[in-house]
Each structure stands twice: as structure tokens, then as C-alpha cells.
Amino acid sequence: MPAATGDVFAGLEPAPLWRYFKDLTQIPRPSKHEERVLQYLKDFASSRQLSWQQDAVGNLVIRRPGSGGGEAALPVVIQGHIDMVCEKEPSLNHDFLTMPLSLERRGDWIKARGTTLGADNGIGVAAALALLSCPPSATLPPLECLFTVDEETGLTGAFQLSPELLTGRTMLNLDTEDWGEVFVGCTGGGDMNLLMDVALEPLPQRGEQPGQGPMVAHMLHLGGLRGGHSGLNIAEGRGNALQLMARALAAAAAAAGPDGWRLGGAGGGDKRNAIARDAWALLLVAEDKQPAVVAAVQAVLDDLRAEYGSVEPGLTLRLEPHPEPVSEVVAPADSARLLALLRGLPHGPLRFSQDVAGLVETSSNVASLKEAESPSPAPGRRRYSVVTTTRSLLDPALEATRDVIQGLAQLAGCEVIRGRAYPGWRPNLESSVLKLTLEEYREVLGGRDAKVGAIHAGLECGIIGTKFPGMDMVSIGLSTSTHIRMT
4 MPAATGDVFA GLEPAPLWRY FKDLTQIPRP SKHEERVLQY LKDFASSRQL SWQQDAVGNL
64 VIRRPGSGGG EAALPVVIQG HIDMVCEKEP SLNHDFLTMP LSLERRGDWI KARGTTLGAD
124 NGIGVAAALA LLSCPPSATL PPLECLFTVD EETGLTGAFQ LSPELLTGRT MLNLDTEDWG
184 EVFVGCTGGG DMNLLMDVAL EPLPQRGEQP GQGPMVAHML HLGGLRGGHS GLNIAEGRGN
244 ALQLMARALA AAAAAAGPDG WRLGGAGGGD KRNAIARDAW ALLLVAEDKQ PAVVAAVQAV
304 LDDLRAEYGS VEPGLTLRLE PHPEPVSEVV APADSARLLA LLRGLPHGPL RFSQDVAGLV
364 ETSSNVASLK EAESPSPAPG RRRYSVVTTT RSLLDPALEA TRDVIQGLAQ LAGCEVIRGR
424 AYPGWRPNLE SSVLKLTLEE YREVLGGRDA KVGAIHAGLE CGIIGTKFPG MDMVSIGLST
484 STHIRMT
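See below:
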């Protein structure tokens with residue numbers, strides 16, 4: 004049985020770490036709404052006579068003098084972000100702007116009931132606070148604990164970090180999510196928004212197409228995919244629902260012939276940093292072409308199951324009647340442009356690192372297809388938005404891949420909005436702080452070595468390292484996801 008919320012942290016050590024983490028779970032802190040947790044941090048500092056400084060975007064540094072013989076040491080930066088990803092079960096009534104999290108303890112794990120836990124990066128922030136609250140006799144160098152804002156929705160805090168906040172040139176980033184791992188590199192990345200305007204036209208009626216019956220509306224659903232993080236899981240060969248849906252639609256179009264089908268609409272995917280796990284399309288099929296289209300969809304499903312096998316055991320592709328009337332459809336030439344774009348965009352790992360075995364160097368993700376927030380200004384047209392996320396350890400490779408995407412999109416008639424890229428962090432295996440971190444890990448792990456690697460995802464280290472040349476960094480942390488391991 005799970006422990007009740009009130010005693011979730013009872014008996015856990017080190018007690019200060021868990022006390023501060025509990026506090027953080029009770030303070031609403033969505034990205035871009037960090038004002039309450041910032042006030043908590045300021046009150047924490049003031050109550051301990053520690054100085055703090057804040058920059059214009061909200062990033063906060065709390066400084067603690069060296070102690071216990073470390074007074075003359077060079078300062079060390081301890082860094083984490085204070086915002087959290089806010090997701091919940093669809094049926095749960097929870098307002099992340101106003102409500103604390105409800106917690107439970109299951110065996111060795113602490114979880115939030117029906118919501119994300121915020122251990123990314125709440126546990127790192129709690130660890131920094133525990134360090135700051137050590138007794139005056141503790142042997143510590145001067146600490147600059149940097150708490151950044153808005154990491155999860157664009158790394159805004161790191162991008163706008165004031166150069167006046169930090170003097171240290173050794174940094175421990177506490178945003179790694181696996182105990183026993185030390186990260187010494189991360190990818191840079193950048194999003195692109197490809198805007199395609201498509202013409203709408205009336206649905207062809209009976210008699211307009213000799214030899215064919217009326218067009219009947221169907222919904223094509225592709226789902227059951229594993230999805231996952233577009234960096235961490237990109238090399239696992241998981242299916243991309245948008246590209247697989249485009250493949251199924253192309254097969255349906257070939258079976259129906261140019262006059263036997265029309266596209267009513269399509270969409271899928273969600274977050275920019277997630278592999279699309281589901282997609283849908285509304286298609287209109289002439290009555291006499293329905294058997295051929297049904298057979299084509301089944302053939303695609305059979306092919307996909309053979310191709311993806313145990314990687315995507317839950318894959319589904321269903322063609323179902325759509326009872327609601329449809330009055331307009333996408334012009335055939337524009338349907339072809341949209342499908343060609345979705346099928347042609349690069350997706351998956353594009354190149355592996357020459358320095359770190361098994362590490363993806365460059366990748367791209369076709370993240371989502373939606374109707375654009377700003378509609379087309381032209382009457383009788385619909386605007387679609389295709390979002391892509393590209394990552395690379397090497398900034399030139401990142402931009403070269405984004406050039407390819409931009410070129411393909413422009414050939415398809417898209418307007419391209421090229422988002423600001425953030426820099427990567429190239430591994431330095433000769434790092435002084437890395438060597439010291441490995442020595443400490445070896446002692447904690449009873450003689451075992453920590454795993455050293457780089458992560459195919461963005462960390463604030465890349466941006467901070469660019470802003471503060473010469474910063475010697477590692478990233479460490481605890482095992483977290485939607486829950487956190489206590490041991």
C-alpha cells in the first residue's frame with residue numbers, strides 16, 4: 004500500500020534534502036510562473052543571512068561564503084532550474100498554477116498522484132538548498148547556487164542569464180536524471196515551424212465524377228506508439244506517427260486514384276521535444292473505391308507491424324466511418340504537397356559521435372502537425388504548422404541539418420520560421436572537475452566507477468558554458484522521471 008501524503012518523507016535521509024524537496028512539491032511552479040518559488044528561495048536566503056542576487060529575467064543566485072577551511076578556495080557554482088513540466092491524467096482536476104502536488108510512496112519510489120512530480124529539477128534544487136544550509140563548520144568552498152527559470156519551455160533563463168551573477172568557473176549542474184552517471188556533454192538544438200497554406204474546395208458531389216458513387220467520410224487513426232523523448236529515445240527506432248500516417252495516406256491515395264479520395268484534415272503529435280505517438284486524418288473516399296482503400300490500409304498496417312515488431316507492439320491503424328457531414332476538403336495538389344513534406348523531412352538519428360561510442364551526434368524529430376494558431380490571411384485557405392526539433396553536439400552540423408529542412412520546406416511552398424538555436428556542450432574528458440567527481444563517486448559507490456557520457460538532449464550547461472568561457476562543468480543527479488527513487 005502506498006504511504007499517505009503526510010508521511011511520504013518520514014525517515015528519509017539526508018533529511019534536509021527531502022525536507023526541501025517536499026517544500027518544492029507544495030509550491031506551484033510551472034514554467035513562466037516561478038514567482039512563488041523565487042520568493043521561497045529569497046526567504047530561505049534571508050533567514051540564513053545569505054546574500055542573493057536576481058537578474059532581469061528572474062534567475063536567482065544565492066551565495067554562501069566558504070567555511071571549515073574552504074574560505075580561500077575558488078567559488079563553485081551549483082546550478083539547477085526551478086520550473087517543472089506540468090502534465091496530468093486527463094480525468095484529474097488539478098490546477099498547476101494554484102494547487103500543490105499530492106504525493107505517495109511506493110516501495111523505493113516517491114510519486115505524485117496523477118501528475119508529474121517535478122523531480123526534474125526539484126531534487127537538484129533541493130540538493131543545492133541542503134548544501135546552503137550546512138552548518139558553519141562544514142568544509143565547503145564559496146558557493147554560488149544558481150537557480151534558473153523557464154528551462155522546460157525554451158531555456159529562456161539560461162539564454163538571458165546576466166553575466167554579473169557568476170564569478171565561479173567550476174560548475175556542478177544537478178539536472179542529470181540517472182544516479183551513477185556523470186554527463187560531460189549535451190547537444191545543442193533548435194526548433195523550426197513550417198507553415199503551409201492549403202486551398203480548400205467543396206467536396207465533389209455525385210455526378211461530378213462519372214462512374215463513381217458519392218464520397219464517404221472516414222477517420223484514419225494511427226496510434227499505440229511509444230513516443231518518448233525526441234533526444235533520449237531517438238536512436239531506438241521508435242515509430243513517428245506523423246510520418247507513418249503520411250505513408251498510410253499515400254497508400255490510400257494510390258488505391259483510390261486521383262479522383263477517388265480527398266483529404267479533409269489531418270493532425271498529430273504534441274510537444275516539440277516528444278516523438279509523435281498518434282496521428283489522425285479525415286479522408287473522403289468514393290464509395291466504389293472503399294474496398295481498395297480498406298485493403299491498402301490493412302496492407303500498410305501489416306507492413307508496419309513487420310517493420311517495427313517488438314519496438315512498437317501496440318501500433319494500431321484504424322479506418323472508421325465518420326458520421327459528421329464534411330463540406331470542404333483540401334485541394335488535391337496541396338494534399339500532395341503536405342504528404343510529400345511529412346514523408347520527406349529527416350527524422351531519427353542522422354549521425355553518431357566519433358568520440359563517444361553509441362552517442363547520437365545529430366538527429367531530427369518531426370514533432371507535430373496542427374492547424375496554425377494564426378490562420379491564413381487568404382480566404383478559402385487553411386494554414387498548417389509542422390514543427391521540427393533538431394539536435395547536435397556540433398553547432399555547424401545542427402545548422403546544416405536545419406538548412407536541409409528549410410530547403411525541403413521551401414520546395415513544398417512553406418513559410419519557414421527558424422527558431423533560435425541553443426549551443427551544445429562538447430565533452431572534455433580531461434576536465435579537472437570530472438576527475439574529482441569520479442573520485443567522489445567511486446568512494447560513494449563502494450569502489451565502482453560512475454558511467455561517464457554525454458546526453459543527446461539539451462542541458463543549460465551548453466548555454467552557460469558559452470556565456471562564461473572557461474567554465475569547467477559536469478552534470479550529475481538522481482534517478483527521476485515521473486517519480487523519484489529514494490535509495
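Each residue of the sequence shown is one higher than the last, beginning at 4 in the numbering used here.
Just so you know, even glycine gets a beta-carbon here, dropped at the ideal spot from N, CA and C.
Since this is a predicted model, take the numbers as computed values, not measurements.
Label residue i either buried or exposed according to how many other C-beta atoms from any shown protein chain fall within 10 Å of its C-beta, with 16 as the threshold for buried.
{"i": "leucine 342", "result": "buried"}
{"i": "glycine 317", "result": "exposed"}
{"i": "arginine 451", "result": "exposed"}
{"i": "glutamate 147", "result": "buried"}
{"i": "glutamine 29", "result": "exposed"}
{"i": "glutamate 167", "result": "exposed"}
{"i": "alanine 289", "result": "buried"}
{"i": "methionine 102", "result": "exposed"}
{"i": "serine 233", "result": "buried"}
{"i": "leucine 414", "result": "exposed"}
{"i": "asparagine 96", "result": "exposed"}
{"i": "glutamate 376", "result": "exposed"}
{"i": "lysine 114", "result": "buried"}
{"i": "leucine 100", "result": "exposed"}
{"i": "leucine 175", "result": "buried"}
{"i": "alanine 336", "result": "exposed"}
{"i": "alanine 360", "result": "exposed"}
{"i": "serine 49", "result": "exposed"}
{"i": "serine 338", "result": "buried"}
Which residues mark the beginning and the end of the beta strand (DSSP E) in which residue i is found?
{"i": "serine 371", "result": "363-374"}
{"i": "proline 205", "result": "191-205"}
{"i": "arginine 67", "result": "63-67"}
{"i": "arginine 109", "result": "106-109"}
{"i": "lysine 274", "result": "Here lysine 274 belongs to no beta strand (DSSP E), and DSSP marks it neither H nor E."}
{"i": "aspartate 281", "result": "Looking at the DSSP string, aspartate 281 is not in any beta strand (DSSP E), and its letter there is neither H nor E."}
{"i": "glycine 83", "result": "79-84"}
{"i": "methionine 222", "result": "218-226"}
{"i": "aspartate 475", "result": "475-478"}
{"i": "isoleucine 458", "result": "454-458"}
Between residue i and the rest of its own chain, which residues show a CB-CB distance below 8 Å, the 5 nearest in sequence each way excluded?
{"i": "alanine 254", "result": "Ala299, Val300, Ala302 and Val303"}
{"i": "serine 356", "result": "Leu362, Val363, Glu364, Leu396 and Ala457"}
{"i": "leucine 77", "result": "Pro144, Pro145, Gly171, Arg172 and Thr173"}
{"i": "glycine 422", "result": "Gly193, Asp194, Met195 and Asn196"}
{"i": "tryptophan 264", "result": "Met218, Ala255, Ala256, Leu286, Leu287, Val288, Ala289, Lys292 and Val296"}
{"i": "lysine 274", "result": "Ala370 and Ser371"}
{"i": "threonine 404", "result": "Pro349, Leu353, Thr365, Ser367, Thr393 and Ser395"}
{"i": "arginine 39", "result": "Ile30, Pro31 and Arg32"}
Leaving aside the five residues before and after residue i along the sequence, list all residues of the same chain whose C-beta is less than 7 Å from its C-beta, in chain order.
{"i": "glycine 188", "result": "Leu396, Trp428, Arg429, Pro430 and Ala457"}
{"i": "alanine 412", "result": "Leu197, Leu344 and Val419"}
{"i": "leucine 44", "result": "Leu63, Ile65 and Phe150"}
{"i": "lysine 25", "result": "Phe12"}
{"i": "serine 435", "result": "Asp475"}
{"i": "glutamate 184", "result": "Ala453, Lys454 and Gly456"}
{"i": "threonine 469", "result": "Pro426"}
{"i": "valine 398", "result": "Inspection of the sequence shows that residue 398 is occupied by aspartate rather than by valine. Excluding sequence neighbours, aspartate 398 sits near Gly191, Pro426 and Gly427."}
{"i": "glycine 416", "result": "Met199 and Arg340"}
{"i": "tyrosine 23", "result": "Ala129, Leu132 and Ala133"}
{"i": "cysteine 464", "result": "Asn176, Cys189, Trp428, Met476 and Ser478"}
Only counting the same chain, and skipping five residues up and downstream in sequence, which positions put a Cβ closer than 6 Å to that of residue i?
{"i": "glycine 88", "result": "Going by the sequence as given, residue 88 is valine instead of glycine. Same-chain partners within the cutoff: Thr119 and Glu155."}
{"i": "leucine 177", "result": "Gly83, Gly127, Ala130 and Gly480"}
{"i": "glutamine 409", "result": "Val419"}
{"i": "glycine 242", "result": "Leu228, Tyr311 and Glu315"}
{"i": "asparagine 124", "result": "Gly83, His84 and Asp178"}
{"i": "alanine 279", "result": "Asn243, Ala244, Leu245, Gly271 and Gly272"}
{"i": "glycine 240", "result": "Val314"}
{"i": "phenylalanine 47", "result": "none"}
If I follow the unbroken alpha helix (DSSP H) through residue i, where does it start and stop?
{"i": "lysine 45", "result": "38-50"}
{"i": "threonine 2", "result": "For the chain, the structure presents residues 4 to 490; residue 2 sits outside this window and is missing."}
{"i": "aspartate 26", "result": "18-28"}
{"i": "leucine 53", "result": "Neither: leucine 53 is in no alpha helix (DSSP H) and is coded neither H nor E."}
{"i": "glutamine 246", "result": "244-259"}
Thinking residue i and residue j are a contact (beta carbons under 8 Å), I'd like their distance in whole angstroms, please.
{"i": "leucine 345", "j": "leucine 245", "result": "6 Å"}
{"i": "valine 201", "j": "alanine 284", "result": "Their Cβ separation, rounded to whole angstroms, is 13 Å, which puts valine 201 and alanine 284 out of contact at 8 Å."}
{"i": "proline 19", "j": "serine 165", "result": "The Cβ separation is near 29 Å, so there is no contact."}
{"i": "histidine 541", "j": "leucine 307", "result": "Because the chain is modelled from 4 through 490, residue 541 falls outside the range shown and cannot be assessed."}
{"i": "glycine 157", "j": "proline 426", "result": "Actually they are not in contact, since the Cβ atoms of glycine 157 and proline 426 sit about 14 Å apart, beyond 8 Å."}
{"i": "leucine 203", "j": "arginine 384", "result": "6 Å"}
{"i": "leucine 27", "j": "glycine 160", "result": "Actually they are not in contact, since the Cβ atoms of leucine 27 and glycine 160 sit about 17 Å apart, beyond 8 Å."}
{"i": "alanine 141", "j": "leucine 225", "result": "Going by Cβ atoms, the distance from alanine 141 to leucine 225 rounds to 56 Å, so no, they are not a contact pair."}
{"i": "alanine 251", "j": "leucine 169", "result": "Between leucine 169 and alanine 251 the Cβ distance is about 51 Å, and since that is not below 8 Å, they are no contact."}
Would you say residue i faces chain C, with C-beta separation under 8 Å as the test?
{"i": "lysine 438", "result": "Of the protein chains in the structure, only one exists, and it is not chain C."}
Within the segment 136-201, ranges of the alpha helix (DSSP H) (whole runs, at least 4 residues): 159-162
Continuous alpha helix (DSSP H) assignments of at least 4 residues falling wholly in the segment 354-438: Entirely contained in the segment 354-438, the alpha helix (DSSP H) runs reaching 4 residues are, in chain order, 398-414.
Would you mind listing the alpha helix (DSSP H) stretches within the segment 289-357 that are 4+ residues and don't spill past its ends, in chain order? Fully enclosed alpha helix (DSSP H) runs of 4 or longer: 293-311 and 335-347.
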